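**Q**
2 protein chains.
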Amino acid sequence: MRKIKLVIEYDGTAYAGWQIQSVAPTVQGVLNEALRKLTGEAELKVRGASRTDAGVHALGQVADFQTSSTIPGKSFAMAVKRHLPDDIAVISSEEVDADFGARHNSVGKEYRYLIVNRGPRSALERERAWHVPVRLDIEAMQSAANMLVGEKDFTSFCAAESDAEHFVREITSVDVERRGEIVEITVKGTAFLRHMVRIMVGLLERVGTGKVSPSEVEAIVEARERDPALMTAPPQGLYLVKVLYK
Amino acid sequence: MRKIKLVIEYDGTAYAGWQIQSVAPTVQGVLNEALRKLTGEAELKVRGASRTDAGVHALGQVADFQTSSTIPGKSFAMAVKRHLPDDIAVISSEEVDADFGARHNSVGKEYRYLIVNRGPRSALERERAWHVPVRLDIEAMQSAANMLVGEKDFTSFCAAESDAEHFVREITSVDVERRGEIVEITVKGTAFLRHMVRIMVGLLERVGTGKVSPSEVEAIVEARERDPALMTAPPQGLYLVKVLYK
Chain A
1 MRKIKLVIEY
11 DGTAYAGWQI
21 QSVAPTVQGV
31 LNEALRKLTG
41 EAELKVRGAS
51 RTDAGVHALG
61 QVADFQTSST
71 IPGKSFAMAV
81 KRHLPDDIAV
91 ISSEEVDADF
101 GARHNSVGKE
111 YRYLIVNRGP
121 RSALERERAW
131 HVPVRLDIEA
141 MQSAANMLVG
151 EKDFTSFCAA
161 ESDAEHFVRE
171 ITSVDVERRG
181 EIVEITVKGT
191 AFLRHMVRIM
201 VGLLERVGTG
211 KVSPSEVEAI
221 VEARERDPAL
231 MTAPPQGLYL
241 VKVLYK
Chain B
1001 MRKIKLVIEY
1011 DGTAYAGWQI
1021 QSVAPTVQGV
1031 LNEALRKLTG
1041 EAELKVRGAS
1051 RTDAGVHALG
1061 QVADFQTSST
1071 IPGKSFAMAV
1081 KRHLPDDIAV
1091 ISSEEVDADF
1101 GARHNSVGKE
1111 YRYLIVNRGP
1121 RSALERERAW
1131 HVPVRLDIEA
1141 MQSAANMLVG
1151 EKDFTSFCAA
1161 ESDAEHFVRE
1171 ITSVDVERRG
1181 EIVEITVKGT
1191 AFLRHMVRIM
1201 VGLLERVGTG
1211 KVSPSEVEAI
1221 VEARERDPAL
1231 MTAPPQGLYL
1241 VKVLYK
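As given, the protein sequences belong to chains A and B, one line each in that order. Count the first sequence with our numbering and you get residues 1 to 246, in order. Count the second sequence with our numbering and you get residues 1001 to 1246, in order.
1) Please determine if the stretch 62-73 of chain A and the stretch 1103-1121 of chain B are in contact, where contact requires at least 3 C-beta pairs separated by less than 8 Å.
2) Scan the stretch 65-150 of chain A and note each continuous alpha helix (DSSP H) run of 4 residues or more that stays entirely inside, going in chain order.
3) I want to see whether chain A comes within less than 8 Å of B/H1057, judged by CB atoms only; does it?
4) Where does A/E170 fall in DSSP's three states?
5) List in chain order: all unbroken alpha helix (DSSP H) runs of 4+ residues lying wholly within the stretch 178-213 of chain A.
6) Rounding to the nearest angstrom, what Cα-Cα distance links A/D87 and B/E1125 in this structure?
7) With B/K1081 and B/F1065 assumed to form a contact (beta carbons below 8 Å), what rounded beta-carbon distance in angstroms separates them?
8) Any residues in the stretch 4-37 of chain A with a beta carbon nearer than 7 Å to a beta carbon of chain B? Which ones, in chain order?
9) Compare the C-alpha of B/S1143 against each of B/A1229, B/M1078, B/Q1236 and B/D1175 and name the closest.
10) Taking A/E184 as the reference, which of A/A191, A/R103, A/R194 and A/G208 has the closest Cα?
11) Below 6 Å CB to CB, which residues in the same chain sit around A/V90 once its five sequence neighbours on both sides are set aside?
12) Using DSSP with H/G/I as helix, E/B as strand and the rest coil, what is B/I1020?
13) Quick one: does A/D86 have its CB under 8 Å from some CB of chain B?
14) Between A/R112 and chain B, is any beta-carbon pair separated by less than 8 Å?
15) So, helix, strand or coil for B/G1055, using DSSP?
16) Against chain A, does B/A1123 count as a neighbour if the rule is that its beta carbon must be under 8 Å from one of theirs?
17) Taking 8 Å as the CB-CB cut-off, is A/A54 touching chain B?
18) Using the three-state DSSP reduction, which class does B/L1244 fall into: helix, strand or coil?
19) Could you tell me whether the stretch 1185-1193 of chain B touches the stretch 1221-1232 of chain B, using the rule of 3 or more Cβ pairs below 8 Å?
20) By the criterion of Cβ-Cβ separation under 9 Å, what are the contact partners of A/R126 in chain B?
21) 8 Å is my cut-off, CB to CB: does B/A1077 come that close to chain A?
22) Return yes when the Cβ of A/A49 is within less than 8 Å of the Cβ of A/V243, no when it is not.
23) Relative to the C-alpha of A/K211, which candidate in A/G101, A/L230, A/H166 and A/R226 has its C-alpha closest?
24) In three-state terms, what does DSSP make of A/A34?
25) Taking Cβ-Cβ distances below 8 Å as the criterion, which residues of the stretch 1212-1234 of chain B are in contact with chain A?
26) Please go through the same chain and pick out, in chain order, the residues whose beta-carbon is closer than 8 Å to the beta-carbon of A/A160, but skip the five residues on each side of it.
27) Name, please, each residue of chain A whose Cβ falls closer than 8 Å to the Cβ of B/P1120.
28) Just tell me which of B/Y1245, B/D1011, B/S1069 and B/T1186 has its CA closest to the CA of B/R1002.
29) Would you tell me roughly how many angstroms separate the C-alpha atoms of B/V1107 and A/T172, rounded to the nearest one?
30) Please state the DSSP three-state secondary structure of A/E216.
31) Could you tell me how far apart the beta carbons of A/A233 and A/E205 are, in whole angstroms, since I believe they sit closer than 8 Å?
32) Roughly how many whole angstroms lie between the Cα atoms of A/L240 and B/V1197?
33) For A/E9, write down the residues that DSSP places opposite it in a beta bridge.
34) Determine the DSSP secondary structure at B/G1237, reduced to helix, strand or coil.
35) Can you tell me whether A/V27 is helix, strand or coil according to DSSP?
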C-alpha cells in the first residue's frame, strides 16, 4: 500500500466540521467519498491532522490515506477535483513514507481568527469573520495575548466536552493586528485542546472591549478550570492556516 | 415627503443583480420589501446608483428613497436590519435634500476586481474572486491599464446589450497590484458602461498571460467596436467599492 499526503482548503460553512459522522455532511466524509470514487477502493479512509469544528475553515488542512492506486502522488490533487464540491479544494498531493501520519507527525499548527470590528455588520464577511461592533483596544489585547505564550496547563481554555487526558500545551506566539476594519489574531503552537483558539479569542475580545484587564489573564490561566464567563468565539472567524512537519 | 440616502453592502451571490425583476430575487427587490415592511408604505421605491450584475458584490452601493415615515434619518440603517437577510446590510443612512438622486448626483465610482492567481482553485474565494491559474505579469497589466485612463470612447468595452446612447466615459485611474496570491485591480471613473469593468479586466488578464501585448491596447480602444475575442471577466470578482458625490 502507498501513503498519500494531501493539503486541503475548505469553506466550513456547509459542514458539521471535519470529522465524519452519519447524521450530517462533513469534510472528511465528502473527501472519503471523492477518493473512493477516484480509486475504486471502497475501504479508503482519509485521516486529518486537525478535527476542525462545524463552520471553521481551512487554508491548509493536512490529511493522509493509504491506497493501492497507481495514480502518481502529485496527480491526486487534480484527479480528485471532479468528485469534489466547490467548497472543498485539494491544493496539493504527494506520496510520502508509509509510516507518515498527518496527525501524529505534526509538530505544530497555525490558526488565524478574523474579526470585523465596526458598528454595522458585514454582509460579505458574515460566514468568514466574527462581528464585534465595539472598538477593540489592540494594545490591551496584545498584552493579554503575551500571557498565553509558553508551555502551560490550558485547562481553562478547553471545552468541557473534551476527551483530552492531559492539558499541558505549548503556544509559541499569539499576534493581534489591525488592518482597517479587520482585526486578525494569529496563534501558533505545537498542539491544541478542543476549542482552545476560540476560547482564547473569546477572552481577548473581552480584554479588547475593556471587560477584562490584561492583568487578570494570569489568574484565569492559573485557575485551571473552564470559567463559564469566558465565551467561546464563534466558529466562522477561525481558519486552520497550516500544519507543520519536521 | 422626506428623502433618505442609504449606503449598502451586499454579497451578490444569491441575486440576479441589483435591478428589480419579477422572475428572480434582486437586491433592489429585497430592499424595497424590507423598507415597505418597516414604513408600512406599499409604494416605497428604492433607487440605486449602480445596476450591478448578477453575482457582483457591493461594499458601498448608494441608494435613495422617498418616505413620509417619522423615523430619524440615521436610524433607518438599524431599523431595517430585522427585515433584511444576512447577505444584505445597510451600513449607514441619513436624510438628504429632496432633490438628491443616488444615480444622477453621483460624480464617480470606484470598483475593485479580485483574482486568485495560483494553480489550484480556491474553495474559500470561489464566490469572491476569479481564479486565473497562469501566473500574471503585473507590470504588463499595469502598462495596458495606463492606456485605458482618460476620457475616451469606450464602445469596445461595452456589452452588446447596452442601452447607452453615447459611449464616451472618463476613467481616472486603473491600478493593478499583487498581494501574495491575490491580484487586485482598482478602477475609478466618472461613469461606466454596462460590463465595462469586467471587459477591461478580461483584457488585462489576456495581457497578464501574454496573449495580448500592452502595445495592442490602443488599437483595441480605437476600434470602437466590441471585439468578440475580449472576454468578459466573471461577475464574482467584482465589487462596487464606493459611489462619489460632490
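For each residue, glycine too, the CB sits at the ideal point set by N, CA and C. On a predicted model such as this, the values are computed, not experimentally measured, just so you know.
**A** Put simply:
1) no
2) 76-80 and 138-146
3) yes
4) The answer is strand: DSSP assigns A/E170 an E or B state.
5) 196-208
6) 9 Å
7) That belief does not hold up - the Cβ atoms of B/K1081 and B/F1065 are roughly 16 Å apart, past 8 Å.
8) E9, Y10 and D11
9) B/D1175
10) A/G208
11) Result list for A/V90: L6, I8, A77 and V80, in chain order.
12) coil
13) Yes, because at least one Cβ of chain B sits closer than 8 Å to the Cβ of A/D86.
14) no
15) coil
16) yes
17) no
18) strand
19) no
20) D1011, D1086, D1087 and A1089
21) Chain A, which has a Cβ nearer than 8 Å to the Cβ of B/A1077, makes this yes.
22) yes
23) For the residues A/G101, A/L230, A/H166 and A/R226, the minimum Cα distance to A/K211 belongs to A/L230.
24) The answer is helix: DSSP assigns A/A34 an H, G or I state.
25) none
26) R226
27) E9, A77, A89, V90, I91 and S92
28) Looking at B/Y1245, B/D1011, B/S1069 and B/T1186, the one whose alpha-carbon comes closest to that of B/R1002 is B/S1069.
29) 51 Å
30) helix
31) 7 Å
32) Between A/L240 and B/V1197, the C-alpha separation is close to 34 Å.
33) A/A89
34) helix
35) helix
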